[in-house]
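Oh and the sequence shown: position 157 is 145 in my numbering, straight run, nothing missing. All residues carry an ideal CB built from backbone N, CA and C; glycine is no exception. Data first, discussion second: the structure below is written as structure tokens.
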Amino acid sequence: MPANAPIGVFDSGIGGLSVLREIRAGAGAALAGKIEDAVRSGALPAGTDAQALALLDADGPELEALAGLADALRRDAVGDDITYVVTRNINFTNVCYTGCRFCAFAQRRTDADAYTLSLAQVGDRAEEAWQAGATEVCMQGGIHPDLPGTAYFDLAAEVKRRCPDLHVHAFSPMEVVNGTARTGLPIREWLARAREAGVGSLPGTAAEILDDEVRWVLTKGKLPASAWTEVITTAHELGIPTTATMMYGHVDTPAHWVGHLRVIRGIAERTGGFTEFVLLPFVHDSAPIYLAGLARPGPTRRENRAVHALSRVMLHGAISNIQCSWVKLAGELCRDVLSGGVNDIGGTLMEETISRMAGSQQGSYRTISELAAMVTPLGRPLRQRTTLYGNPSAERLAASAASDGVCMSVRGNRTTLPVATR
Ligand code: SF4
-11 MPANAPIGVF
-1 DSGIGGLSVL
9 REIRAGAGAA
19 LAGKIEDAVR
29 SGALPAGTDA
39 QALALLDADG
49 PELEALAGLA
59 DALRRDAVGD
69 DITYVVTRNI
79 NFTNVCYTGC
89 RFCAFAQRRT
99 DADAYTLSLA
109 QVGDRAEEAW
119 QAGATEVCMQ
129 GGIHPDLPGT
139 AYFDLAAEVK
149 RRCPDLHVHA
159 FSPMEVVNGT
169 ARTGLPIREW
179 LARAREAGVG
189 SLPGTAAEIL
199 DDEVRWVLTK
209 GKLPASAWTE
219 VITTAHELGI
229 PTTATMMYGH
239 VDTPAHWVGH
249 LRVIRGIAER
259 TGGFTEFVLL
269 PFVHDSAPIY
279 LAGLARPGPT
289 RRENRAVHAL
299 SRVMLHGAIS
309 NIQCSWVKLA
319 GELCRDVLSG
329 GVNDIGGTLM
339 EETISRMAGS
349 QQGSYRTISE
359 LAAMVTPLGR
369 PLRQRTTLYG
379 NPSAERLAAS
389 AASDGVCMSV
399 RGNRTTLPVA
409 TR
């Protein structure tokens, strides 16, 4: 798609830039109504980078208008339910020498906090999650230099052997590329083998910002944007759904966010394979790139609201679910963005490690009751979902309700990292 190609709902037929000037002049609510009418009548899409950037600049009444528009689009797309999945994160190793400069999770083999789980330990964690009512495990790890490229298949197969009905949401495009490099398999074949082993969907992490200049600063070019796109589109072509993510608020600018959203929309229009778009505000506290003075301390509250709302607007009609991260946003900020385009709050997680090591203060899991308490002030229904946004079985709902969505071993281990050897 050429730069500045029409995208989103900023149709010149309903005023184009003059419409945005209205927003900027504070005529927010009326304007939101106009754009919404255009959306409802099918007059979309159009819009330029300049228009989208103007929306990202919104503040005060303009921001309320943008949030109101995104909220209306959310209601049209998916209704009022706020959804979540009962899932367990299994970060099977934190040993990694890739050196991403935003990452506080990776450790060297000899570091005190380094760990690698055995297959049996991964299986145990999956079983605990199943007993706690989970419908999903999310598995991602560091790029351990000793891990063979087929280890990913073994991990997925072990989970399925122990819990055949647990959905395996696993392996970022970075891990997929690592697996292909180590096995010599083409991406398509590697993904097909992963699916045979039990992988049901891929997390669209390692997207960071899909701009190679930014990626170079963040990750020294570990995974070019084109490689991320190739893995994701190949997965979609094979019928393997993925999420899409954006990590923002570090060395990037709002123009990068718009460019990123364009790339994601373009893929979504071609493949229809994204389950959701997940916004990941940069957690700065322990991130090397922040400690080196090269990154800013994450996005502001205003930016968080604007970019969540703009994501809903720019992805309308292409991706139905917009997810915020309770791991990275405090409860009040989650409610803010849930009122401005977001419909999903991710998972109970049971054992979140990556953001916690980067300095997030939001803990490593949320019980279902805690998620409910967080969203109650919004007055919208909270609904448990499966990974692919279906309804869990009555048996799963009962099991997760009985444990409140968190397994006992994690309850008693809220702050201690798992330590094990392979
Ligand atoms: S983000 Fe992933 S690949 Fe990069 S250093 Fe951290 S663990 Fe390694």
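| said: Give the list of continuous alpha helix (DSSP H) stretches no shorter than 4 residues that lie fully inside the region 273 to 327. | reply: The qualifying runs are 276 to 279, 289 to 303, 319 to 326.
| said: ligand 1 and I197: does the residue's C-beta get closer than 8 angstroms to at least one heavy atom of that ligand? | reply: False, no ligand heavy atom lies under 8 angstroms from that Cβ.
| query | Secondary structure at M396, three-state DSSP: helix, strand or coil? | reply | Looking at M396 - three-state DSSP - the assignment turns out to be helix.
| field | Three or more C-beta pairs below 8 angstroms linking the region 368 to 376 and the region 315 to 324 | value | Because the criterion of three Cβ pairs below 8 angstroms is not met, the region 368 to 376 and the region 315 to 324 do not touch.
| query | Three or more C-beta pairs closer than 8 angstroms, one from the region 178 to 193 and one from the region 228 to 243: is that the case here? | reply | Counting C-beta pairs with one atom in each stretch, the region 178 to 193 and the region 228 to 243 have three or more that are closer than 8 angstroms, which means they touch.
| request: Please state if the CB of R76 and the CB of V125 are separated by a distance shorter than 9 angstroms. | output: Cβ atoms of V125 and R76: closer than 9 angstroms.
| field | CA nearest to the CA of W216, picked from A58, L179, V164, K148 | value | Ranking A58, L179, V164, K148 by Cα distance to W216 puts V164 first.
| query | Which residue from N79, A40, V74, L54 puts its Cα closest to that of R371? | reply | The residue among N79, A40, V74, L54 with its C-alpha nearest the C-alpha of R371 is V74.
| task | Apply the 10 Å Cβ neighbour rule to R258 and answer buried if 16 or more other Cβ atoms are within range, or exposed otherwise. | result | By the 10 Å Cβ count, R258 comes out exposed.
| query | Grouping DSSP H, G and I as helix and E and B as strand, with all else coil, what is F141? | reply | Correct three-state label for F141: helix.
| According to DSSP, what are the bridge partners of S411? | The structure shown has nothing for residue 411, since the chain only spans -11 to 410.
| Whole-angstrom distance between D134 and P161, CA atom to CA atom | The alpha-carbon of P161 is positioned some 19 angstroms away from that of D134.
| Spatially closest choice to D142 from F80, P174, R176, R203, by CA coordinates | If we check each option's Cα against that of D142, F80 comes out closest.
| query | Any idea what DSSP makes of V239, helix, strand or coil? | reply | In this structure, DSSP gives V239 a state outside helix and strand, which the three-state scheme calls coil.
| message | With H, G and I counted as helix, E and B as strand and the rest as coil, what does DSSP make of D332? | response | Under the three-state reduction of DSSP output, D332 falls in the strand class.
| task | State the Cα-Cα distance for the pair A40 and V251, rounded to the nearest angstrom. | result | Each residue's alpha carbon lies about 14 angstroms from the other.
| Per-residue DSSP class, three states only, for L32 | Unreliable positioning characterises L32 in this predicted model, as indicated by a pLDDT of 44, which lies under 50. The coordinate reading is nonetheless provided below. DSSP, reduced to helix, strand and coil, places L32 outside both helices and strands of the structure shown, so it counts as coil.
| field | Check your reading: residues with Cβ closer than 6 angstroms to ligand 1 heavy atoms | value | Chain-ordered list of matching residues: C84, T86, G87, C88, C91, F93, A94, G130, I131, M162.
| query | Which word fits P380, buried or exposed, when buried means at least 16 other C-beta atoms lie within 10 angstroms of its C-beta? | reply | Counting every other CB atom within 10 Å of its CB across the protein chains shown gives P380 a total of 16 or more, marking it as buried.
| request: Can you give me the start and stop residues for the beta strand (DSSP E) that Q372 sits inside? | output: Taken as a continuous stretch (DSSP letters only), the beta strand (DSSP E) holding Q372 covers 370 to 373.
| 7 angstroms Cβ shell around G286 - same chain, five flanking residues per side excluded | The residues G237, P269, F270, V271, H272, in chain order, have a CB closer than 7 angstroms to that of G286 in the same chain once the five nearest residues on each side in sequence are set aside.
| said: Across the region 385 to 399 and the region 94 to 104, are there enough close Cβ pairs to call them in contact, namely three or more that are closer than 8 angstroms? | reply: No: the two stretches stay apart, fewer than three of their Cβ pairs being nearer than 8 angstroms.
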